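Asker:
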Amino acid sequence: MFARGLKPLSIASVVLVVGAFALVFFYAPNDADQGFIQKIFYLHVPLAIVALFGFVAGGVFGIRYLRDGDRAHDLRSYVAIHLSLIFGVATLITGSIWAKASWGHWWLWDEPTLVSFLIVFLLYACYTPLRFSIEDPERQARTAAVFAITAGAFVPLNFLAVRMAESLAHPRVLSETGGSMPGDMYLTFLVSLAAMAVLFVTLCKYELTSKEASMRLRALKRRLAAADDDAWTPTARSAAPQQL
Amino acid sequence: MPALPLDDAGPYVAAAYLVFLALILIYVAIMAGKLVRIARELGELSELVERRERSSGDELSTPAGEAVPR
Amino acid sequence: MRRAVEAVVRKDLRVELRTGEAVPAMLLFSVSTFVLFHFALDRRSVEGDLAAGVLWVTLLFAAVLGITRLFVAEREQGGFDGFLLAPVDRTSLFVAKAAVLFCFLVAVELAAVPAFAILLLEPSPWGAVPELVAVLLLADLGVAVVGTLIGALGIQTRARELIVPILALPLMLPLAIAAARATSPLLLEAGAQALPGRWLVVLGLYDLVFGLLAFAVFDFLLEE
């Protein structure tokens, strides 16, 4: 069910990511202020944007699951949030490296986007433990959906609040390049953004296909083993959805 | 803030891109593990089916065995 | 629906008055935390930003204690089943519990804020009491709404005491930011300054967004 389009998507990912990195290092000019360091921007910002959209998508799938009860939406929600967490880790690490390189500190409280992102990340890090602590699969899916929706609504509010809190006292440090970019930098940025977005969707599909295959296998095993009782193994507790 | 010269800046940029690469490759490794598990379970399933066919094959050798579809 | 809400609120408040499980514990925790801050910060008194920070961190942690207890009786004594069987709108449970949590918070603050003023606050907050009350009420509303939602989420799990704090703290961060920034000019040594209105707007927005969200989504948490 999920595997449709996976192959062309993965080819597109390769083309876009390699193309984006090529543009970053061979085409985009060096930034006037930050010099070579600014190249991290093409990695860090697209990762952040895609992660945030992934989190919100998790909430949207949560709404769809609650609306029609189709477990496939719950699975999509889980995978979207899971992958966004990984992209989030990448965002935080690359952001920290960028901060160290340009400002000398591994973390900047002055950068509201980075701080907001940390808060959102901390919140979504609770998603998997929450799911894991509920055994009944139906209730797990529903509770997770409610959480995904709440957290999804939280993301914009959080960015607003943190931006208001920090920007009044301190000038923005890292995002100065974001304001007015020359054309070739802008193009590179757009390609990088597209690359991360397509990569995210590809990885989502990859994980969904893998999970679906495992589920189908398990169901088949149960059906076959129903005749031979010695072959049945009970499923362990899991944070991920086990059945479609 | 002053821009770091290329010699100093290089390692940081490289580190950032390497982190990205490492995360993707770790993901590949985890998915590989899942694929190995799927392959193993498929093997177990094939074995189950074979066992079933063998035992139903024994029943087919008796005259009343036409009830089992092929 | 109003009658259902009133019934649940009256029941919970009566239980609390009789058994006194949540509010005394929250209050005791708050005062102990103030003492802890005195030693941890090694200061005789705090003012301005620091005072606002100490006050709000303490109040939020005390709120988390209350949230964990909010649905326990329903879970352990079958209150959920009883409620689901009754011909009432399920969201009335949310409204009722949020109202109860709000009352608990107000009760705790009635004692904890004076305790804070006595123990740790350098300037006298008397001049800014109306503004302080406004901030406290708006923030309490937000905590009540979000806390009830988190309590309902947490009651589904096996690790309630762990899940509730780790969910509550990030979710309440915008509220903490707004409340602290709004309160800090009120607690200055040189005399209370004007309340920055924009933070009240943020608090109000937070309350509104999460209120509507929780209202829409709470039903799904109750299905069996």
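These protein sequences, in sequence, are chains A, B and C. The first sequence begins at 2 in my numbering and counts up one residue at a time. The second sequence begins at 123 in my numbering and counts up one residue at a time. The third sequence begins at 18 in my numbering and counts up one residue at a time. Just so it is clear, CB atoms sit at the ideal spot from N, CA and C, and this is done for glycine as well. Every value quoted in this text rests on a predicted model; they were computed, and no experiment measured them.
#1: Exposed or buried, C/Val150, counting other C-beta atoms within 10 Å across all chains shown (16 or more means buried)?
#2: Going by CA-CA distance only, name the one from C/Leu222, C/Ile172 and C/Asp59 that's closest to A/Arg140.
#3: Can you find a C-beta in chain A that's less than 7 Å from the C-beta of B/Glu163?
#4: Using a Cβ-Cβ cutoff of less than 8 Å, which residues in the same chain neighbour A/Gln243 once the five nearest sequence positions on both sides are dropped?
#5: At a Cβ cut of 8 Å, what residues of the stretch 90-110 of chain A count as close to chain B, listed as they run along the chain?
#6: My output table needs one value for A/Val61: the three-state DSSP class, helix, strand or coil.
#7: With a threshold of 6 Å on Cβ separation, who are the neighbours of A/Ala142 within its own chain once the five nearest residues in sequence on each side are excluded?
#8: Closer than 7 Å, Cβ to any Cβ of chain A: which residues of the stretch 169-185 of chain C, in chain order?
#9: I believe C/Ala79 touches C/Val125 by the beta-carbon criterion, under 8 Å. Please report the beta-carbon distance rounded to the nearest angstrom.
#10: For C/Ser62, which residues of its own chain have a beta-carbon under 7 Å away from its beta-carbon, when the five flanking residues on both sides are left out?
#11: Apart from the five residues just before and just after C/Ala84, which ones in its own chain have a Cβ nearer than 8 Å to its Cβ?
#12: Any idea if A/Ser134 is buried or exposed, counting beta-carbon neighbours within 10 angstroms, 16 or more meaning buried?
#13: Using a Cβ-Cβ cut-off of less than 9 Å, list which residues of the stretch 202-213 of chain A approach chain C; keep chain order.
#14: Along the stretch 75-90 of chain C, where does the CB come closer than 7 Å to a CB of chain A? Name the residues.
#15: For C/Gly228, does the count of other Cβ atoms within 10 angstroms reach 16, so buried, or fall short, so exposed?
#16: Once you ignore the five residues that flank C/Ala103 on each side, which residues in its own chain have a CB closer than 8 Å to its CB?
#17: Whose C-beta lies closer than 7 Å to the C-beta of A/Met165 among residues of the same chain, with five residues either side of it excluded?
#18: Under a three-way DSSP split, which group does A/Gly6 fall into?
#19: Any residues in the stretch 36-61 of chain A with a beta carbon nearer than 8 Å to a beta carbon of chain B? Which ones, in chain order?
#20: Using three-state DSSP, classify A/Asp34 as helix, strand or coil.
#21: Got a sec: is the Cβ-Cβ distance from C/Pro142 to anything in chain A below 7 Å?
#22: How should A/Tyr43 be labelled, buried or exposed, when 16 other C-beta atoms within 10 angstroms of its C-beta is the threshold for buried?
#23: Is it buried or exposed for C/Thr36, if we count other Cβ within 10 angstroms and need 16 for buried?
#24: Mark A/Val80 as exposed unless 16 or more other C-beta atoms lie within 10 angstroms of its C-beta, in which case mark it buried.
#25: Looking only at its own chain, which residues have a Cβ that is under 6 Å from the Cβ of C/Gly70, when we skip the five neighbours before and after it?
#26: Should A/Phe88 be counted as a contact of the ligand NAD given a C-beta to heavy atom distance under 6 Å?
#27: Between A/Ala214, A/Gly153, A/Lys206 and A/Ala162, which has its C-alpha nearest A/Arg5's C-alpha?
Answerer: Judging by the given coordinates:
#1: Looking up residue 150 of chain C in the third sequence gives position 133. With fewer than 16 Cβ atoms within 10 Å of its Cβ, C/Val150 is classed as exposed.
#2: What you label residue 140 of chain A is simply residue 139 of the first sequence in a count that begins at 1. For the residues C/Leu222, C/Ile172 and C/Asp59, the minimum Cα distance to A/Arg140 belongs to C/Ile172.
#3: Here residue 163 of chain B corresponds to residue number 41 of the second sequence, with the count starting at 1. Output row for B/Glu163: interface = yes.
#4: The residue you call residue 243 of chain A lines up with position 242 of the first sequence. Contacts found: Pro138, Met216, Arg219 and Thr236.
#5: Val90, Ala91, Ile94, Thr95, Ile98, Trp99, Lys101, Ala102, Ser103 and Trp104
#6: Taking the first residue of the first sequence as 1, we reach residue 61 of chain A at position 60. Correct three-state label for A/Val61: helix.
#7: Locating residue 142 of chain A in the first sequence gives position 141, counting from the first residue. Closer than 6 Å at Cβ, skipping near neighbours: Asp75.
#8: So the list reads Leu170, Gln173, Thr174, Arg175, Ala176, Ile180, Ile183 and Leu184, given in the order they occur along the chain.
#9: Counting from one through the third sequence, the residue named residue 79 of chain C turns up at place 62. Counting from one through the third sequence, the residue named residue 125 of chain C turns up at place 108. Indeed, because the Cβ distance is near 6 Å, the residues count as touching under 8 Å.
#10: To locate residue 62 of chain C, count along the third sequence from 1; it is residue 45. Excluding positions up to five away in sequence, the list reads Leu137, Leu138 and Glu139.
#11: For the purposes of this step, residue 84 of chain C is taken as the residue at position 67 of the third sequence. The amino acid occupying residue 84 of chain C in the given sequence is Ile; Ala does not appear at that position. Contacts found: Leu118, Gly164, Thr165, Ile167, Gly168, Gly171, Val181 and Ala185.
#12: Taking the first sequence and counting its residues from 1, one reaches residue 134 of chain A at position 133. Buried, because 16 or more other Cβ atoms sit within 10 Å of the Cβ of A/Ser134.
#13: For the stretch 202-213 of chain A, which is checked against every Cβ of chain C, not one residue is closer than 9 Å.
#14: none
#15: As a working note, residue 228 of chain C is residue 211 in the third sequence. The residue is buried, with at least 16 neighbouring Cβ atoms inside 10 Å.
#16: As a working note, residue 103 of chain C is residue 86 in the third sequence. Closer than 8 Å at the Cβ level, and outside the excluded window around C/Ala103, lie Ala21.
#17: What you label residue 165 of chain A is simply residue 164 of the first sequence in a count that begins at 1. Closer than 7 Å at the Cβ level, and outside the excluded window around A/Met165, lies no residue.
#18: By 1-based counting over the first sequence, the position of residue 6 of chain A is 5. In this structure, A/Gly6 counts as coil in the three-state DSSP scheme.
#19: Gly36, Phe37, Ile38, Lys40, Ile41, Leu44, His45 and Leu48
#20: As a working note, residue 34 of chain A is residue 33 in the first sequence. Coil.
#21: As a first step, residue 142 of chain C must be located in the third sequence, where it is residue number 125. For C/Pro142, the answer is no, since every Cβ of chain A falls outside 7 Å of its Cβ.
#22: As a working note, residue 43 of chain A is residue 42 in the first sequence. With 16 or more other Cβ atoms within 10 Å, it is buried.
#23: Working through the third sequence from its first residue, we reach residue 36 of chain C at position 19. C/Thr36 should be labelled exposed.
#24: As a position in the first sequence, residue 80 of chain A is number 79, starting the count at 1. A/Val80 is buried by the Cβ-count criterion.
#25: Numbered from its first residue, the third sequence carries residue 70 of chain C at position 53. Within the same chain, Ala197 come within 6 Å of C/Gly70 by CB-CB distance, once the 5 residues on both sides are set aside.
#26: Summarising the ligand content, the structure contains no ligands, and the ligand NAD is consequently not present.
#27: Within the first sequence, numbered from 1, the residue matching residue 5 of chain A stands at position 4. The closest CA to that of A/Arg5, considering only A/Ala214, A/Gly153, A/Lys206 and A/Ala162, is found on A/Lys206.
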